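What follows is a short report on a single structure.
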Amino acid sequence: MLDKNGIAQRIAQEMKDGWYVNLGIGIPTLVANYIPEDVNVVFQSENGILGMGPFPYDGEEDADLINAGKQTITALPGACIFDSATSFAMIRGQHIQMTVLGAMEVSDNGDIANWKIPGRMVKGMGGAMDLVASADNIIVAMMHTNKKGHSKLLRQCSLPLTGVSCVKRVVTNLAVLDITDLGFKLIERAPGVSVDEIKNSTEGRLIIEGEIPEMKI
Amino acid sequence: MNKHVKGVSEALAGLESGMTIMLGGFGLCGIPENCINKMVELGVNNLTCISNNAGVDDFGLGLLLQKHQIKKMISSYVGENDEFERQMLSGELEVDLIPQGSLAARCYMGGAGVPAFFTPAGYGTEVGEGKEVRYFNGKPHLLESALTADYAIVKAWKGDRFGNLVYKGTARNFNPAMAMAGKITIAEVEELVEPGELDPNFIHTPGIFVQRIFQGDKYEKRIEQRTVRTKSES
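Which chain is which? The protein sequence lines are A and B, in order. Count the first sequence with our numbering and you get residues 1 to 217, in order. Count the second sequence with our numbering and you get residues 218 to 451, in order.
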């Protein structure tokens, strides 16, 4: 079974040289720590920067340089800064090759819910709806089950949706799964996790074809 | 062409209760601190505020919320504010949450003379309820309307008397789009310079969009999530 860093490490393997990538808050942010050295990707933060670098050294933080999670960041050589309207033109206009975001629920047709729980304080969708509505290549990074042990990979989302039929791949602590017309297709198992464990933790339709390889982390 | 006003009081002249106000900034980054503090002092209320976020309890738009000066917030994310939560749950505060990209585009289009546009964001979600759907290239899109404001208040790094503005870092965010969408746009800047000092090739907001400009003072520039690494980390 993977921890959050393991999920991030597996997703980092999806990155291709030359891609522009938007990472959401939470597990997705960790992906930046595991990009292979020979793969050059440029990270976008939707508040308006391409070429986001690591956190600044203590004492070098700049209130005028933050990411979409409001954390202080640095700008790498070759970075560029732009306004919000331009930033979402990059997103909506499909100039970003990959979006990684967290989710509360994903359905087996690729719907995603990650912004609202009825009866609880609603914080807002931020840029998530624009990101999922436009990107061709959306990977969800999340735990397979919630804190109560219930599956987050469902036949149908129970929470208000962020986007419909948009998720392409889900990477969890247990597995890598692709969204297909017939449901979640099991691609890889996490180290030490059996197909049965994945079956038991997946409520949505699950397709298992042949031997399922273990992830190489 | 001289847009320069003496200070924040003159800049906010005519701003009244019940108006719709756009305020630039993302989180606490690039917010018009001087104007917000003055609006608290003026006591204007029943405001509709269009801003990506709503500040924190004791800074930014949170200060206006504390004094119950805001009737309605139009934002994309409002998570960091306890008083906001209290007023929203009790029904004192009306809240319209819209996708961040749609918010930016609605401001930009409001300033650009495009009254409405189609976007894929929010289709199939609550955001799409009651909105016209049309398919382009086989994909569903929602009709969204443009936003304008009685006053748009933005914060820039440098500006000149003609209203030309340059922002610093990610403090740019919503400021340029909102600057376009105000019937009256007020720019507060950290440094007011003479026309000619800013390179015309590197102006972010052309002065035509700005009606009033002044140099603010005592910028606190609070950091919401101070995140650092130590020298030993690679």
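Think of the CB as a built atom: it goes at the ideal place given N, C-alpha and C, for glycine as much as any other residue. Every value quoted in this text rests on a predicted model; they were computed, and no experiment measured them.
By Cβ distance below 7 Å, which residues in the same chain neighbour residue i in space, the five residues on each side in sequence not counted?
i        : result
Tyr436/B : Glu250 and Glu407
Lys4/A   : Ile27 and Leu30
Ser201/A : His144, Thr145, Ser151 and Leu174
Pro316/B : Ser293, Ala338, Gly339 and Val344
Pro54/A  : Thr74
Pro417/B : none
Pro423/B : Asn381
Gly18/A  : Asn40
Here's the rule I'm using: 16 or more other beta-carbon atoms within 10 Å means buried, otherwise exposed. How should residue i be labelled?
i        : result
Arg10/A  : buried
Asp234/B : This sequence places Ser at residue 234/B; Asp is not what is there. That one is exposed.
His421/B : buried
Glu37/A  : exposed
Asn298/B : buried
Pro332/B : exposed
Val39/A  : exposed
Tyr57/A  : exposed
Leu50/A  : buried
Ser87/A  : buried
Thr447/B : exposed
Pro393/B : buried
Ser226/B : exposed
Lys16/A  : exposed
Asp434/B : exposed
Cys80/A  : exposed
Ser194/A : exposed
Ser449/B : exposed
Asp130/A : buried
Gly328/B : buried
Gly279/B : buried
Apart from the five residues on each side of it in sequence, which residues of its chain come closer than 6 Å, Cβ to Cβ, to residue i?
i        : result
Leu154/A : Glu105, Ser107, Glu203 and Gly204
Gly110/A : Ser165, Cys166, Val167 and Ile179
Leu101/A : Gly24 and Pro28
Asp196/A : none
Glu311/B : Lys289
Leu2/A   : Asn173 and Ala190
Asn219/B : Arg378
Arg169/A : Ile139 and Asp178
Cys324/B : Leu364, Ala394, Met395 and Ala398
Thr402/B : Ala369, Ala396, Phe426, Val427 and Gln428
Taking residue i as the reference, give the member of the options with the closest Cα.
i        : options                                   : result
Ala228/B : Val445/B, Val371/B, Lys448/B and Arg303/B : Val371/B
Ala141/A : Ala103/A, Gly163/A, Leu159/A and Pro191/A : Ala103/A
Trp115/A : Ile25/A, Lys216/A, Ala12/A and Gln13/A    : Ile25/A
Phe379/B : Phe431/B, His358/B and Gly339/B           : Phe431/B
Phe243/B : Leu65/A, Trp19/A and Pro54/A              : Leu65/A
Glu302/B : Asp274/B, Ile267/B, Cys266/B and Gly241/B : Asp274/B
Ser158/A : Leu206/A, Asp130/A, Ser194/A and Ile112/A : Ile112/A
Ile207/A : Gly183/A, Ile81/A and Asp83/A             : Gly183/A
Glu411/B : Ala394/B, Thr402/B, Leu382/B and Gln428/B : Leu382/B
Val445/B : Ile35/A, Asp62/A and Tyr20/A              : Asp62/A
Leu264/B : Lys223/B, Lys348/B and Lys284/B           : Lys284/B
Gly330/B : Asn354/B, Phe419/B, Lys223/B and Phe426/B : Phe426/B
Cys252/B : Ser268/B, Ile440/B, Ser449/B and Glu405/B : Glu405/B
Ala396/B : Ala230/B, Gly224/B, Leu240/B and Val222/B : Leu240/B
Gly277/B : Cys246/B, Gln304/B and Ile291/B           : Cys246/B
What residues match up with residue i in a beta bridge as DSSP calls it?
i        : result
Met52/A  : Ala75/A
Lys289/B : Thr265/B and Glu311/B
Lys189/A : The sequence given here has Arg at residue 189/A, not Lys. In the DSSP output, where bridge partners are listed per residue, Arg189/A has Ala175/A and Glu214/A.
Arg446/B : Tyr57/A
Ala366/B : Gly399/B
Tyr20/A  : Val42/A
Ser107/A : Leu154/A
Asn12/A  : Residue identity check: residue 12/A is Ala in the sequence provided, not Asn. In the DSSP output, where bridge partners are listed per residue, Ala12/A has none listed.
Cys246/B : Phe243/B
CB-CB under 8 Å to residue i, same chain, minus the five flanking residues each way: which ones, in chain order?
i        : result
Arg351/B : Phe335, Pro357, His358 and Leu360
Leu232/B : Ile238, Met256, Leu259, Val261, Asp367 and Tyr368
Gly127/A : Glu46, Ala68, Phe88 and Ile91
In chain E, which residues lie less than 9 Å from residue i when you measure between Cβ atoms?
i       : result
Arg92/A : No chain E is present in this structure, whose protein chains are A and B.
The stretch 131-145 of chain A contacting the stretch 92-109 of chain A, beta-carbon criterion three pairs below 8 Å
Touching, yes, given that three or more Cβ pairs across the two stretches are closer than 8 Å.
Contact the stretch 35-55 of chain A vs the stretch 361-370 of chain B: 3+ CB pairs below 8 Å:
Too few Cβ pairs lie closer than 8 Å, so no.
Contact the stretch 376-391 of chain B vs the stretch 354-368 of chain B: 3+ CB pairs below 8 Å:
No, they do not touch.
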